[in-house]
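Engineer:
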Amino acid sequence: MRRAPAMPAHASIASADITGLLLAGGRGSRMGGVDKGLQPFNGEPLALHAMRRLAPQVGPFLVNANRNLTEYEALGAPVWPDSLADHAGPLAGFLTGLEHCATPWLLTVPCDTPLFPLDLAARLAEAAVADDADIAMATAPEPAEDGGPPVLRPQPVFCLLRATLRDSLLRYTAAGGRKVHAWIAQHRAVQVPFDRPGDAPDAFFNANTLAELHALENR
Numbered sequence: 001m002r003r004a005p006a007m008p009a010h011a012s013i014a015s016a017d018i019t020g021l022l023l024a025g026g027r028g029s030r031m032g033g034v035d036k037g038l039q040p041f042n043g044e045p046l047a048l049h050a051m052r053r054l055a056p057q058v059g060p061f062l063v064n065a066n067r068n069l070t071e072y073e074a075l076g077a078p079v080w081p082d083s084l085a086d087h088a089g090p091l092a093g094f095l096t097g098l099e100h101c102a103t104p105w106l107l108t109v110p111c112d113t114p115l116f117p118l119d120l121a122a123r124l125a126e127a128a129v130a131d132d133a134d135i136a137m138a139t140a141p142e143p144a145e146d147g148g149p150p151v152l153r154p155q156p157v158f159c160l161l162r163a164t165l166r167d168s169l170l171r172y173t174a175a176g177g178r179k180v181h182a183w184i185a186q187h188r189a190v191q192v193p194f195d196r197p198g199d200a201p202d203a204f205f206n207a208n209t210l211a212e213l214h215a216l217e218n219r
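Listed below in structure tokens is the structure:
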């Protein structure tokens, strides 16, 4: 997988050509089984914060959820459950989004990361065009395990995908594949670092527990 050029390309993709997909179909196991996207964050559902952040960056908008569908529909976007059985993970959400995507591109974001960049779509799109890539995936600084300086790590649920990848993903998941990185590796993909001066270091922090969610409210 290539790293995106340090400087943005001039050509990009129109926001109207990108469908936004909010991934809210997980089990919420590390939150005690609650529906993560519906947990309150600063007084409103966590999913609503992510939707408001992404909506101005894209054209059509979809939500992938597997329970409490009425509550998600009340947030103002079409809601589609996984087409794969047994909560098959993020790729099940990707596939659902691609099956209902009417634009050339699909941009996925999770429901538990309410502070992701406001220029996420633009930077992923610039990199995809510059590298003629099928997939552009965000990378972001995370603390090193050895206590050293932060290192860039892939954020695989923040992906810009060509809609034409639907058949590839359908074949991969039908064969039992569930690993995001393994599927991405089959295609021309570019990593897009979000480590420029001024980029928020915690933009991709995701709340896996209720304690982390409450701590995030105070940032």
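When we follow this note's numbering, the leftmost residue of the sequence shown carries the number 1, and every step to the right adds one. Backbone N, C-alpha and C fix where the C-beta goes; we use that ideal spot for every residue, glycine too.
1) Would you tell me roughly how many angstroms separate the C-alpha atoms of Asp119 and Gln57, rounded to the nearest one?
2) Near His49, what residues of its chain come up, given a Cβ to Cβ distance below 6 Å and the 5 sequence neighbours on each side ignored?
3) Whose C-beta lies closer than 7 Å to the C-beta of Arg178 among residues of the same chain, with five residues either side of it excluded?
4) If you reduce the DSSP assignment to three classes, tell me which class Pro56 lands in.
5) Considering only DSSP beta bridges, list what Asn64 is partnered with.
6) According to DSSP, is Val151 helix, strand or coil?
7) Using the rule of at least 16 other Cβ atoms within 10 Å of the residue's Cβ for burial, across every protein chain shown, is Glu126 buried or exposed?
8) Can you tell me whether DSSP reads Ala144 as helix, strand or coil?
9) Decide yes or no for the touch test of the region 136-145 against the region 69-80: beta carbon pairs closer than 8 Å, at least 3 of them.
10) By how many angstroms is the C-alpha of Leu98 removed from the C-alpha of Leu165?
11) As a quick exercise: from Asp132, Leu169 and Ala215, pick the residue whose alpha carbon is nearest that of Ala11.
12) Nearest to Ala203 by CA position, among Tyr72, Ala211 and Phe194, is which residue?
13) Note the first and the last residue of the continuous beta strand (DSSP E) segment covering Thr108.
14) For my contact list, Leu106 and Asn64 are in at a C-beta cut-off of 8 Å; report their separation, rounded to the angstrom.
15) Using only alpha-carbon positions, find the residue among Gln191, Ala130 and Phe158 that is nearest to Ile13.
16) Between which two residues does the beta strand (DSSP E) carrying Pro193 extend?
17) From the DSSP output, in three-state form, read off Ala50 for me.
18) Mapping the DSSP letters down to three states, classify Thr139 as helix, strand or coil.
Structural biologist: So, from the data block:
1) 7 Å
2) Counting only Cβ-Cβ distances below 6 Å, and skipping sequence neighbours, we find Phe41 and Pro114.
3) Ala88, Gly89 and Leu91
4) helix
5) Leu23 and Trp80
6) Collapsing the DSSP output to three states places Val151 in a strand.
7) Here Glu126 is buried, its C-beta having at least 16 other C-beta atoms within 10 Å.
8) The answer is coil: DSSP assigns Ala144 none of H, G, I, E or B.
9) no
10) 8 Å
11) Asp132
12) Phe194
13) Trp105 to Pro110
14) Between Asn64 and Leu106 the Cβ distance is about 11 Å, and since that is not below 8 Å, they are no contact.
15) Ala130
16) Ala189 to Pro193
17) helix
18) strand
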